[in-house]
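Chemist: Throughout the sequence shown, residue numbering follows numbering that gives the first Met the number 0, covering 0 to 163 in sequence. Take a look at this one; I'll ask things after.
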Amino acid sequence: MKAVWFLIAACAACGHGTGGGRGELEEVRGAASGADLPVGQAVFTWKVGSSESEGTIHAKLPDGLQLDGTYKQVTDTHWTESYGPYWEAWTASDWGVPGAWYTGPQLSFVTDYADKALAKLTGSDGTRMRCVFALKNPPRGLAGGADGECQLSTDEKIIGAVIY
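Okay, structure coming up:
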């Protein structure tokens, strides 16, 4: 009987370390030219790293471009150096439309993005992508599900991203 409970517990843990997601890739056309242009579906896969609050993430775009990177859940109420790469991606002004996603101080960055997972990815062609996901169940990280959006350095965006 103990072996059965062990197998049940082991299988329950299997689904918490990896997952997927999807979202609609759109070409940003700007306010002057009208609505954004749908391009197709982007597909995500992710894997938990050394803790539930961080790991790796992969995206495949409709044109076949694949991007790889990391994600981190903002969980602390104070700044840590581990937020540095995400801070740099969010405050960078060289992303085209609309530019920087965040322009405030570091301490507010942590507060503003608490209970969210931030991701930064890069493609083999140098294309960059940054994502923010609102966690549905923060103690479980991405395994608890999330909704969000992403922006590519090519001025495209992924809307309605769902992580599961």
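Each residue gets a CB set at the ideal place from its N, CA and C atoms; glycine is no exception.
Around the Cβ of E80, are there at least 16 other Cβ atoms within 10 angstroms (buried) or fewer (exposed)?
Modeler: Within the sequence shown, the letter at position 81 stands for residue 80. Exposed, since its Cβ has fewer than 16 Cβ neighbours within 10 Å.
Chemist: Sort T153, C130 and D146 by Cα distance to W100 and report the nearest one.
Modeler: Here the question's residue 100 lines up with position 101 in the sequence shown. For W100, the nearest C-alpha among the options comes from C130.
Chemist: Check for me: the alpha helix (DSSP H) holding A88 runs from which residue to which?
Modeler: Taking the first residue of the sequence shown as position 1, residue 88 is located at position 89. G83 to T90 is the span of the alpha helix (DSSP H), which, as asked, contains A88.
Chemist: Among R21, D114 and T69, which one has its Cα closest to the Cα of R139?
Modeler: Indexing the sequence shown from 1 puts residue 139 at position 140. When only C-alpha atoms are compared, the closest one is D114.
Chemist: For P104, which of helix, strand or coil comes out of DSSP?
Modeler: Counted from its first residue, the sequence shown places residue 104 at position 105. Coil.
Chemist: Does the distance from the CB of F108 to the CB of W86 come in under 8 Å?
Modeler: If you number the sequence shown from 1, residue 108 lands on position 109. If you number the sequence shown from 1, residue 86 lands on position 87. Yes, Cβ-Cβ distance for F108 and W86 is below 8 Å.
Chemist: Counting C-beta neighbours from all protein chains within 10 Å, is the total for L106 16 or more, i.e. buried, or is it exposed?
Modeler: In the sequence shown, counting from the first residue as 1, residue 106 sits at position 107. It counts as exposed.
Chemist: Can you give the Cα-Cα distance for W78 and T110, rounded to whole angstroms?
Modeler: Locating residue 78 in the sequence shown gives position 79, counting from the first residue. Locating residue 110 in the sequence shown gives position 111, counting from the first residue. Rounded to the nearest angstrom, the two C-alpha atoms are 9 Å apart.
Chemist: Since P138 is in the beta strand (DSSP E), which residue starts that stretch and which ends it?
Modeler: In the sequence shown, the residue the question calls residue 138 occupies position 139. Segment: none, P138 is in no beta strand (DSSP E) and carries neither H nor E.
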